[in-house]
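Just so you know, the sequences run in chain order A and B.
Read in order, the letters of the first sequence are residues 8 to 328 in my numbering.
Read in order, the letters of the second sequence are residues 8 to 328 in my numbering.
Every residue, glycine too, gets a C-beta built ideally from N, C-alpha and C.
Everything numeric in this text was worked out from a predicted model, so none of it was measured.
There are 2 protein chains.
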Amino acid sequence: MNILILGGGGFIGQKLARKLAETGTLRGKAIDRLVLADIAAPAPIDAPFPVETRTTDITDRASVDAVIDPQTDVIFHLAAVVSSHAEAEFDTGMAVNLTGVLNVLDRCRALPATPVLVFTSSLAVFGGEVPDPIEDWTIPNPQTSYGTQKAIGELLVNDYSRRGFVDGRGFRLPTIAVRPGKPNRAASSFMSSIIREPLNGVEAVCPVDPDFKHYYLSPRRCVENLIRGAEIAAEDLGMNRCMSMPGQTLSIRQMIDAMTAVAGPEPAKLIRWEEQPEIGAIVSGWRYDYNPAKALALGLIADDGFEENVRFYIKDDMPAA
Amino acid sequence: MNILILGGGGFIGQKLARKLAETGTLRGKAIDRLVLADIAAPAPIDAPFPVETRTTDITDRASVDAVIDPQTDVIFHLAAVVSSHAEAEFDTGMAVNLTGVLNVLDRCRALPATPVLVFTSSLAVFGGEVPDPIEDWTIPNPQTSYGTQKAIGELLVNDYSRRGFVDGRGFRLPTIAVRPGKPNRAASSFMSSIIREPLNGVEAVCPVDPDFKHYYLSPRRCVENLIRGAEIAAEDLGMNRCMSMPGQTLSIRQMIDAMTAVAGPEPAKLIRWEEQPEIGAIVSGWRYDYNPAKALALGLIADDGFEENVRFYIKDDMPAA
Chain A
8 MNILILGGGG FIGQKLARKL AETGTLRGKA IDRLVLADIA APAPIDAPFP
58 VETRTTDITD RASVDAVIDP QTDVIFHLAA VVSSHAEAEF DTGMAVNLTG
108 VLNVLDRCRA LPATPVLVFT SSLAVFGGEV PDPIEDWTIP NPQTSYGTQK
158 AIGELLVNDY SRRGFVDGRG FRLPTIAVRP GKPNRAASSF MSSIIREPLN
208 GVEAVCPVDP DFKHYYLSPR RCVENLIRGA EIAAEDLGMN RCMSMPGQTL
258 SIRQMIDAMT AVAGPEPAKL IRWEEQPEIG AIVSGWRYDY NPAKALALGL
308 IADDGFEENV RFYIKDDMPA A
Chain B
8 MNILILGGGG FIGQKLARKL AETGTLRGKA IDRLVLADIA APAPIDAPFP
58 VETRTTDITD RASVDAVIDP QTDVIFHLAA VVSSHAEAEF DTGMAVNLTG
108 VLNVLDRCRA LPATPVLVFT SSLAVFGGEV PDPIEDWTIP NPQTSYGTQK
158 AIGELLVNDY SRRGFVDGRG FRLPTIAVRP GKPNRAASSF MSSIIREPLN
208 GVEAVCPVDP DFKHYYLSPR RCVENLIRGA EIAAEDLGMN RCMSMPGQTL
258 SIRQMIDAMT AVAGPEPAKL IRWEEQPEIG AIVSGWRYDY NPAKALALGL
308 IADDGFEENV RFYIKDDMPA A
């Protein structure tokens, strides 16, 4: 079992690699080799099998051809230009999120055996004129270039799979919380920040009111779902191999209450409520009511209450005091 | 008003050109010039304004750049590799139906003014695991490469429009009947053939039973809808600029009864019923239950009973006896 993680330097890629190192198997077979590839060389990880790190530019077909070889059995394709970046730099987004996916798919098509491809899409494919809840059969009507490029990726993964060029499956990720690391300039940054910073004893700003609702999944469950996604038998995927990954709809108030239940009343006091209309304008357009029935039936799961998300952060990611 | 028809040599392109010649205006302005472009030089048409014919390869960006110029106000993009062709030749389909659309959109983006682009999609974008009726918010889950490429085109038209690169609008065409000309190798060929050939005094084979249902629109109403589509104000298009074009769901029996009502009992006697399981297997997977609510609200129309389709064929296309 030879595995490649495209985007292996990102935080989900690194967590996925560590999880694979811990289990040592995928699809019922021992892992022989793991390749972590990213635009900058990923950090190596400790594992009971060989781990290689590579610098790969997915916008360059030759670079993709070099990293996906005939021995590659499973590819996790996590590499992407994120939402705000794809919106600010249209051509970069098209190159990475569209041409990049085509390069990966066309390379798979050229191989003698058909690799499994786990494509990470995003719930950002949804928006616009669609009723709630968003079902597996709701049209992706994205209102960002990122969402558009991910929705196109889903269509391509389906068609290349239907034709037998690849054994693809795609999962639309919810917003990941609690995300480790530092706040960034993404409009969604506060959704992890208001939990992570207070747990670390640092003040955080909440730019929306406590009733603001959104759809979340912990990094730990996300990684487990990606692995489960790789293991689903092709014949169980049906006619649409792309689906929403389960998450939980939560208000800010529910998230903070969960933090208090796990860590006591002090962290919540470090949240400064400061309405930021420019953030509110963006995130209030985001959808939060999903019915990920297909993924649930295939064994993917959501967190069981946000207290889990808080505990996973403390256990998996919180810096030592 | 400068108009370009990409695919201007096809039967819809030619009918659209003749209709524009007849009305002489579009979007409330007199037509100054009409360019008909196709992979082979289109037949010229008579018009009260200058008509140019061009040979254009939409897979070649330079060829697209040459035919879309800064004076172009409205582009009708009808050029495509059809369903059976895109299924038989994957790379050709991707080049014409995906790269071709990107070439057109990127050329529009590079222009100083923003042209109107009328993109022809297809109800073939629908399929797979979606409930009936197919609504404006139903996911395109295409089961052909052609449908996949058209669904991608819709996403691109929406995003390029949202960003202000083009003023796009897309319409998913029903099966066009009664289509003029000769039978071809498309699985849907019989849907026009069983009406057209008998009206012309020629035998035709019906490969499915009389209860087989499908969704149809006449060429005449299709052309009228494309013109109406070009004239819709951008602000009325909402957050999804692509929509299903109205048609009628009809059984084969209803179609033949309509032919008999218009042309008497003789033509129906020229239909030979000969079940062809290989045709049945393809067309039985096609969807026929659509609710094109958005397009209807925007003034696009279906035929008023299949007798209209029969009359339009006799008036517009039937060869003189």
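Check, Outcome
"Just to check my reading of the structure: residue 148(B) and residue 249(B) have Cβ atoms closer than 8 Å, yes? What is that Cβ distance to the nearest angstrom?", "Actually they are not in contact, since the Cβ atoms of residue 148(B) and residue 249(B) sit about 15 Å apart, beyond 8 Å."
"What is the rounded straight-line gap between the Cα of residue 120(A) and the Cα of residue 235(B)?", "49 Å"
"By alpha-carbon positions, which one of 161(B), 153(B) and 134(B) ends up nearest to residue 125(B)?", "161(B)"
"Tell me the DSSP bridge mates of residue 59(A)?", "42(A)"
"Quick one, which of 29(B), 32(B), 60(B) and 116(B) has its alpha-carbon nearest residue 45(B)'s?", "60(B)"
"Strictly under 8 Å for the Cβ-Cβ distance: is residue 180(A) near chain B by that measure?", "no"
"Return the first residue and the last residue of the alpha helix (DSSP H) that residue 13(B) is part of.", "Unbroken run through residue 13(B) is the beta strand (DSSP E), 9-13; no alpha helix (DSSP H)."
"Using the DSSP secondary-structure output, state which residues sit across from residue 185(B) in a beta bridge.", "Looking at the DSSP assignment, residue 185(B) forms no beta bridge with any residue, so it has no partner."
"How far does the alpha helix (DSSP H) with residue 294(A) in it reach, from first residue to last?", "Residue 294(A) -> no alpha helix (DSSP H), and no H or E assigned at all."
"Can you list, in chain order, the residues of the segment 113-138 of chain A whose Cβ is nearer than 8 Å to any Cβ on chain B?", "134, 135, 136, 137 and 138"
"Could you check whether the Cβ of residue 106(B) sits closer than 8 Å to any Cβ belonging to chain A?", "no"
"Using alpha carbons as the reference points, say which of 132(B), 25(B) and 177(B) lies closest to residue 238(B).", "177(B)"
"On a Cα-Cα basis, can you pick out the residue from 43(A), 23(A) and 106(A) that is closest to residue 69(A)?", "106(A)"
"Since residue 267(A) is in the alpha helix (DSSP H), which residue starts that stretch and which ends it?", "259-270"
"Residues in its own chain within less than 8 Å of residue 261(B) by CB, not counting five upstream and five downstream?", "313"
"For residue 304(A) and residue 34(A), what's the separation of their Cα atoms in angstroms?", "18 Å"
"Can you tell me whether residue 87(A) is buried or exposed, with buried defined as 16 or more other CB within 10 angstroms of its CB?", "buried"
"What I want to know is whether the C-beta of residue 193(B) ends up closer than 7 Å to one or more non-hydrogen atoms of the ligand MG.", "Absence of the ligand MG is noted for the structure shown, with no ligands found whatsoever."
"Closest Cβ-Cβ distance between residue 239(A) and chain B: below 8 Å?", "no"
"Note down, in chain order, every chain A residue with its Cβ under 9 Å from the Cβ of residue 298(B).", "Here the premise fails: no neighbours, minimum Cβ distance about 13 Å."
"Which residues, taken in chain order from the segment 215-248 of chain A, show a beta carbon closer than 8 Å to some beta carbon of chain B?", "245, 246 and 247"
"Starting from residue 225(A) and walking both ways along the beta strand (DSSP E), at which residues does that stretch end?", "Residue 225(A) -> no beta strand (DSSP E), and no H or E assigned at all."
"Does the Cβ-Cβ distance between residue 123(B) and residue 80(B) come in under 8 Å?", "yes"
"For residue 170(B), which residues in chain A fall below 8 Å Cβ to Cβ?", "97 and 152"
"Is there a Cβ of chain A sitting closer than 8 Å to that of residue 145(B), yes or no?", "yes"
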